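*Asks:*
Chains as they are written, first to last, in this note's numbering: chain A, 1 to 111; chain B, 1001 to 1116.
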């Protein structure tokens, strides 16, 4: 059974702090990794994707991938109340594959 | 780019009726579309994978005769909930994967179905 695990939270951080969201996966053949953000009552929105070990930065977001340890993380710098949402980690093994989803981590950024 | 639309956004129907939901990729061609269902405060549940011009692949436990999926073109997939019952009330979300691209999926805004 291929699994993707996330801490359900809620993770609570003060405004301006760094929020760190973590995700582990069981399938060593996984090749592509995604972070989606989902606001309550809305559909998921793609934030970041990463394919190679190391860090990938996009604005206030940094995705970190460590294939040897089978984890991927998302850092949000200068957290804002508008970042409060559920963050979903998704993983795929190879091309043209469906995504395996984590259950999501709820993030609350307090003003 | 990578905009996906869904119609309708919200539908209320009586038990026993059928409801059709459309999913369109507006600015790209999608060889594969996915249909998800999400109950309140729960995670996404993949229902089926839809490939253009072929039969959909349903996940275990999803009744293919109840949830009819058609992917007639590279920009349109439809989900029909047949003989809907109150337990089918949920948030239905489609996503699309671009042709000749990676595995990233772009989601439509979702359809909230309420069956009375």
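Glycine residues also receive a C-beta, built at the ideal position from the N, C-alpha and C atoms. Here the structure is a predicted model, which is why all the values come from computation and not from measurement.
Would residue 1071 (chain B) be called buried (16 or more neighbouring beta carbons within 10 Å of its own) or exposed?
*Replies:* Under this definition residue 1071 (chain B) is a buried residue.
*Asks:* Residue 11 (chain A) and residue 105 (chain A): beta carbons closer than 7 Å?
*Replies:* A contact, by the Cβ cut-off of 7 Å.
*Asks:* With 9 Å as the limit, tell me which residues of the stretch 41-74 of chain A have their beta carbon closer than that to any beta carbon of chain B; keep them in chain order.
*Replies:* Residues passing the 9 Å Cβ filter: 41, 42, 43, 44, 45, 46, 49, 51.
*Asks:* What does a CB cutoff of less than 6 Å around residue 50 (chain A) pick up in its chain, not counting 5 residues either side in sequence?
*Replies:* Same-chain partners within the cutoff: 33, 56, 63, 65.
*Asks:* Could you tell me whether the Cβ of residue 1044 (chain B) comes closer than 7 Å to any Cβ of chain A?
*Replies:* Judged by the 7 Å Cβ criterion, residue 1044 (chain B) is in contact with chain A.
*Asks:* Looking at the secondary structure, which residues open and close the beta strand (DSSP E) in which residue 1020 (chain B) lies?
*Replies:* Element bounds for residue 1020 (chain B): 1019-1025.
*Asks:* Go to residue 73 (chain A), then tell me how far its beta strand (DSSP E) extends in each direction, as first and last residue.
*Replies:* Run containing residue 73 (chain A): 71-76, per the beta strand (DSSP E) assignment.
*Asks:* Can you tell me the Cα-Cα spacing of residue 1011 (chain B) and residue 1111 (chain B), whole angstroms?
*Replies:* For residue 1011 (chain B) and residue 1111 (chain B), the distance between alpha carbons rounds to 7 Å.
*Asks:* Are the stretch 1005-1019 of chain B and the stretch 1041-1061 of chain B in contact at 8 Å, needing three or more beta carbon pairs?
*Replies:* As far as the Cβ criterion goes, the stretch 1005-1019 of chain B does not touch the stretch 1041-1061 of chain B, which means the pair count is below three.
*Asks:* Anything in chain A within Cβ reach of residue 1109 (chain B), meaning under 8 Å, just list it in chain order.
*Replies:* Simply 42, 43.
*Asks:* Listed in chain order, which residues of the stretch 1084-1108 of chain B have Cβ atoms closer than 7 Å to some Cβ of chain A?
*Replies:* Cβ contacts with chain A come from 1093, 1102, 1103, 1104, 1105, 1106, 1107, 1108.
*Asks:* Are any of the Cβ atoms in chain D nearer than 7 Å to that of residue 104 (chain A)?
*Replies:* Any reference to chain D falls outside this structure, whose protein chains are A and B.
*Asks:* State yes or no: is the beta carbon of residue 92 (chain A) nearer than 7 Å to at least one beta carbon in chain B?
*Replies:* Cβ-Cβ to chain B under 7 Å: yes for residue 92 (chain A).
*Asks:* May I ask you to report which of helix, strand or coil DSSP gives residue 1086 (chain B)?
*Replies:* In the structure shown, residue 1086 (chain B) sits in a helix (DSSP, three-state: H, G or I).
*Asks:* Could you name the residues of the stretch 1016-1037 of chain B whose beta carbon sits closer than 9 Å to any beta carbon of chain A, in the order they occur along the chain?
*Replies:* Answer set for the stretch 1016-1037 of chain B: 1031, 1032, 1034, 1036.
*Asks:* Anything in chain B within Cβ reach of residue 97 (chain A), meaning under 7 Å, just list it in chain order.
*Replies:* Within 7 Å Cβ-Cβ: 1103.
*Asks:* Within the same chain, show all residues whose beta-carbon is closer than 7 Å to that of residue 101 (chain A), passing over the 5 residues directly before and after it, in chain order.
*Replies:* Cβ neighbours of residue 101 (chain A) beyond the five flanking positions: 4, 88, 90.
*Asks:* Are there three or more Cβ pairs, one per stretch, closer than 8 Å when the stretch 1075-1085 of chain B is compared with the stretch 1010-1026 of chain B?
*Replies:* Verdict: yes, contact present.
*Asks:* Would you identify the three-state DSSP class for residue 82 (chain A), choosing helix, strand or coil?
*Replies:* Correct three-state label for residue 82 (chain A): helix.
*Asks:* Hey, how far is the Cα of residue 69 (chain A) from the Cα of residue 1052 (chain B)?
*Replies:* The straight-line gap from Cα to Cα measures roughly 37 Å.
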